[in-house]
Amino acid sequence: MSTEFATDLWPGIRVSTDKRLEAARQEFRKNLIEFFSGAVGGSAGLAFGHPLDTVKTVTQNSTKRMAISEGIAGVGQHGYKTFYRGLSLPFWSYAGVNACLFTSYKFFQRLLDPEGKSNFANILSGALSGVVQLIPGTPVEVIKIHMQNDAIKKGNLIKNGPIWYIRRIVRNDGIGGLYKGVGIHAFRDVPAFIIYFYSYECINTYMSKMELMNPTLRAFVSGGIAGALSWVLLIPQDVMKTRIQAGVDKDIMDSFRALRNIGFESFFRGGTMLTLRALLVNAVTFTMYEECHKRLQS
430 MSTEFATDLW
440 PGIRVSTDKR
450 LEAARQEFRK
460 NLIEFFSGAV
470 GGSAGLAFGH
480 PLDTVKTVTQ
490 NSTKRMAISE
500 GIAGVGQHGY
510 KTFYRGLSLP
520 FWSYAGVNAC
530 LFTSYKFFQR
540 LLDPEGKSNF
550 ANILSGALSG
560 VVQLIPGTPV
570 EVIKIHMQND
580 AIKKGNLIKN
590 GPIWYIRRIV
600 RNDGIGGLYK
610 GVGIHAFRDV
620 PAFIIYFYSY
630 ECINTYMSKM
640 ELMNPTLRAF
650 VSGGIAGALS
660 WVLLIPQDVM
670 KTRIQAGVDK
680 DIMDSFRALR
690 NIGFESFFRG
700 GTMLTLRALL
710 VNAVTFTMYE
720 ECHKRLQS
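Shown next, in the form of structure tokens:
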């Protein structure tokens, strides 16, 4: 009896196992596509917007009020290469950061809302993906900011690469130095990515329903607007994050007091450059992401 039962049951077990394996393969393939598409999109956007990021960093770290034109002139006097100082590390590592961001966002979205109809699931997925990307993203930001600041102080005399800066930070502050300012970093990034992904989905879906533009142009416009919206409301957090990670201020309260003493407008330093950069970078990022995603799926 038991032998007959096992014989009858085995085909069902085998079919069930095959289905689970196929589902696992499909999930792995989806994550791999998201990972690669996010890496391509992030790298393209970063390369496009890094000069603006350098000017933003210099403006925010200044001990006096500085106009955008002064920031550009300050960077430019050391040569055009200074605009790209600190790019080598984030160019490669932000491929991984954006890969983690897009992969985790889509993963949580599929997990929480397979049918893609829940606004709450979209918001929660954006928040969770913002937390995940902090793990690789915070050290990259810290090192990049140190490289940009030294380039402005000493111009093209700076020849040291990312590894040298990692060693210096760890020697001075320990491993924790690579995660300096992670609290304010999270306070900036988690709400930023909620706005980022939610606004992109809403704008892109609306334009698609209204049959406005082709898919590539829709991604460019939707990504640009989403990028600008995700940063324009969070400029004070970005200013404090930059100053803390550069070592200008010790912590959030120290940064708050320093900026308050300089003047209220100092909380929005580099805001124009930040918003412009966010618009252009994320227009490129989402366009490249969508194009790569579409080609890999076909």
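Under my numbering, think of the first position of the sequence shown as 430, with each following residue one higher. In this text, a Cβ means the ideal position worked out from N, Cα and C, and glycines have one as well. Just so you know, these numbers come straight off a predicted model, no measurement behind them.
The three-state secondary structure of residue 544, taken from DSSP, is coil.
Pairing residue 571 with residue 609 gives a Cβ-Cβ distance under 7 Å.
Positions of the beta strand (DSSP E) runs, each at least 3 residues long and wholly inside the segment 626-653, cannot be given because no such run exists. In this structure residue 681 is not in contact with residue 651, their Cβ atoms being roughly 33 Å apart against a cut-off of 8 Å. Within the same chain, 537, 541 come within 8 Å of residue 553 by CB-CB distance, once the 5 residues on both sides are set aside. Contact between the segment 453-467 and the segment 693-706 is not established, with fewer than three Cβ pairs separated by less than 8 Å. Remark: C-beta atoms of residue 534 and residue 626 approach each other more closely than 7 Å.
With a 10 Å radius around the Cβ and a threshold of 16 neighbouring Cβ atoms, residue 599 comes out exposed. Linking residue 667 to residue 461 through their CA atoms gives a straight-line distance of about 31 Å. Counting the other Cβ atoms within 10 Å of the Cβ of residue 639 gives fewer than 16, which makes it exposed. Cβ-Cβ separation between residue 556 and residue 622: approximately 7 Å, consistent with a contact (criterion under 8 Å). Between the segment 466-474 and the segment 705-721 there are three or more C-beta pairs closer than 8 Å, enough to call the two in contact. In the DSSP assignment, residue 700 falls within the unbroken alpha helix (DSSP H) covering 700-726. Excluding five sequence positions before and after residue 565, the CB atoms of its chain that fall closer than 7 Å to its own CB belong to 522, 525, 526, 529, given in chain order.
When secondary structure is reduced to three states using DSSP, residue 678 falls in the coil class, being assigned neither helix nor strand. Distances from the alpha-carbon of residue 669 to those of 641, 700, 710 put 700 closest.
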